[in-house]
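Residue numbers (my numbering): 1244 to 1810. In this text, a Cβ means the ideal position worked out from N, Cα and C, and glycines have one as well. Single-structure report; data block below.
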């Protein structure tokens, strides 16, 4: 019996070994197939270059609560090199291979509890228009776009496009949302739009190079809700200049809202009005903040225009209200990676909460190139920061976001832009992010919890050591103060672009000014109902402010803004 028992055990072990070997063989074959499905573009002299990108799950990789940011440990997914249309694969890649790669990446994304709750049967909004071509030569919708690789739904896309002033919403790859006011490509077979939205079942969500397009729910004129609409000011303009604006509309009962709606529908970023006349145009140097007049002069001009409605009877000069519509100026919409790899790395360094994401948005608008990151933040990637998943040493980004402050990490960069913000504001912004994400706010209960004083005691010294380390070890440095960037945006952007050795494009500069808020500027309206900083906290933080101010002055740089600490 003993030999028989031993024989049975041996057979069982052999069976398990064969099973494991079989599974390993299948996994190896699958990985090989996936590797071959991605086409890597060769480049002379870059044989030993690092991987081109680090793909990662589209979720912010940070530990629960007050954990630190982490780098992605996901597999490498090569992407195309060069200055093609951002986000598109190599032109030589076949449609079938693209489909395999997209489906694989699409299905790799984890489904957390938050996402599982949002996976619901579709409750259709708007009107489904059909499946349309959308590639480099035939773009169905030419307006703005956004990403959400975890929770994209047709309703989310339509709401976003509607709030941005667009009439059509199109979904691609099950995760990308495109907006526009006209469909500019041929229809495709319905079966080409077979992908399902990541956050919704039952609705077509595009395909590879295909958009599932919806016409958003129409709202009554004067009741459409827009976001990112700003009053630019009252300006005195010549009649000859007004005559060059591409769109003119006479409206007897003209309001600011109706003129904004008119210009939004025409996909133009500026609404210029003096009742009953409405004009639409692009951003230009005519509307410099420094040239703005008193708003009362525009009101008086509108009253006089009501009695002389004909445009031909206007005086040579007249005053007009100017509003920024939610439409992104097309002149700074397109972005790409650097056409040639850069041998020098430029850091965009800041303490967390200092506005690094906002400055990256501005740099991408004004230069037209993607910014990279030392980390992977899936939320930022989902919202269009495509440099997030690119390997930070690839040399394809105009600059690289980092919060590191060690000597070794600093010396890996040839030069750096050091962004400094008031530590009181920075600490609150970073605590808000850790508690409620990039756009949310911590609750009063969280401000009163024990985590807040622990956070301050840990992070406040880091604010000082971060700035001091970059001032000490950086080879070439440009210091930018967040508050100065807010007050004098155009001059500060000129300094940044010059430091990055990029030719300044005046149109992109004005476009960046018009679209400066972006999608990641937290509203300052919701603040704790009490002062979260205790006297002991303020004593500690004020001493750090003094240290950094002295360090800046010792390098013959301007000190910290006076608002940081009354002197």
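Just confirm the distance between the C-beta atoms of residue i and residue j, as a whole number of angstroms; I'd bet it's less than 8 Å.
i	j	result
residue 1690	residue 1775	5 Å
residue 1438	residue 1417	4 Å
residue 1377	residue 1428	6 Å
residue 1592	residue 1480	Not quite, the Cβ-Cβ distance comes to about 42 Å (not below 8 Å), so this is no contact.
residue 1516	residue 1499	7 Å
residue 1653	residue 1716	4 Å
residue 1512	residue 1583	So it is not a contact: roughly 31 Å between Cβ atoms.
residue 1805	residue 1785	The Cβ separation is near 13 Å, so there is no contact.
residue 1687	residue 1772	6 Å
residue 1497	residue 1475	Residue 1497 to residue 1475, Cβ: 17 Å. No contact.
residue 1605	residue 1759	6 Å
residue 1510	residue 1424	5 Å
residue 1783	residue 1703	6 Å
Using DSSP bridges, identify the partner residues of residue i.
i	result
residue 1566	1474 and 1514
residue 1491	1522
residue 1723	1662
residue 1453	1376 and 1450
residue 1411	1423 and 1458
residue 1433	Per DSSP, none; premise fails for residue 1433.
residue 1590	1643 and 1659
residue 1746	Residue 1746 is not bridged to any residue.
residue 1481	1560
residue 1536	1477
residue 1196	Missing from the structure shown is residue 1196; the chain here goes from 1244 to 1810 and no further.
residue 1579	1612
residue 1813	Examination of residue 1813 is not possible in this model, given that the chain is present from 1244 through 1810 alone.
In or out: residue i buried (at least 16 other Cβ within 10 Å) or exposed?
i	result
residue 1388	buried
residue 1504	buried
residue 1674	buried
residue 1797	exposed
residue 1299	Low confidence applies here, because residue 1299 scores a pLDDT of 31, under 50, leaving its location unreliable and the question unanswered by this model.
residue 1493	exposed
residue 1252	exposed
residue 1803	buried
residue 1670	buried
residue 1370	exposed
residue 1254	exposed
residue 1394	buried
residue 1264	exposed
residue 1260	exposed
residue 1258	exposed
residue 1621	buried
residue 1749	exposed
residue 1262	exposed
residue 1266	exposed
residue 1426	buried
residue 1677	buried
residue 1433	exposed
residue 1586	exposed
residue 1356	With a pLDDT of only 38 at residue 1356, under 50, the local geometry of the prediction cannot be trusted, and no value is derived from it.
For residue i versus residue j, is the C-beta distance shorter than 9 Å?
i	j	result
residue 1612	residue 1578	yes
residue 1454	residue 1374	yes
residue 1666	residue 1408	no
residue 1756	residue 1736	yes
residue 1644	residue 1614	yes
residue 1603	residue 1642	yes
residue 1721	residue 1794	no
residue 1502	residue 1521	yes
residue 1658	residue 1745	no
residue 1458	residue 1382	no
residue 1544	residue 1753	no
residue 1564	residue 1599	no
residue 1724	residue 1668	no
residue 1787	residue 1706	yes
residue 1396	residue 1440	yes
residue 1571	residue 1638	no
residue 1399	residue 1442	yes
residue 1460	residue 1405	yes
residue 1632	residue 1619	yes
residue 1235	residue 1456	For residue 1235 there is no data in the structure shown, the boundaries of the chain being 1244 and 1810.
Touching by the beta-carbon criterion (3+ pairs, under 8 Å), the segment 1471 to 1489 and the segment 1443 to 1451: Below 8 Å, too few C-beta pairs join the segment 1471 to 1489 and the segment 1443 to 1451 to call them touching: fewer than three.
Meets three-Cβ-pair contact criterion under 8 Å: the segment 1692 to 1699 and the segment 1627 to 1638: no
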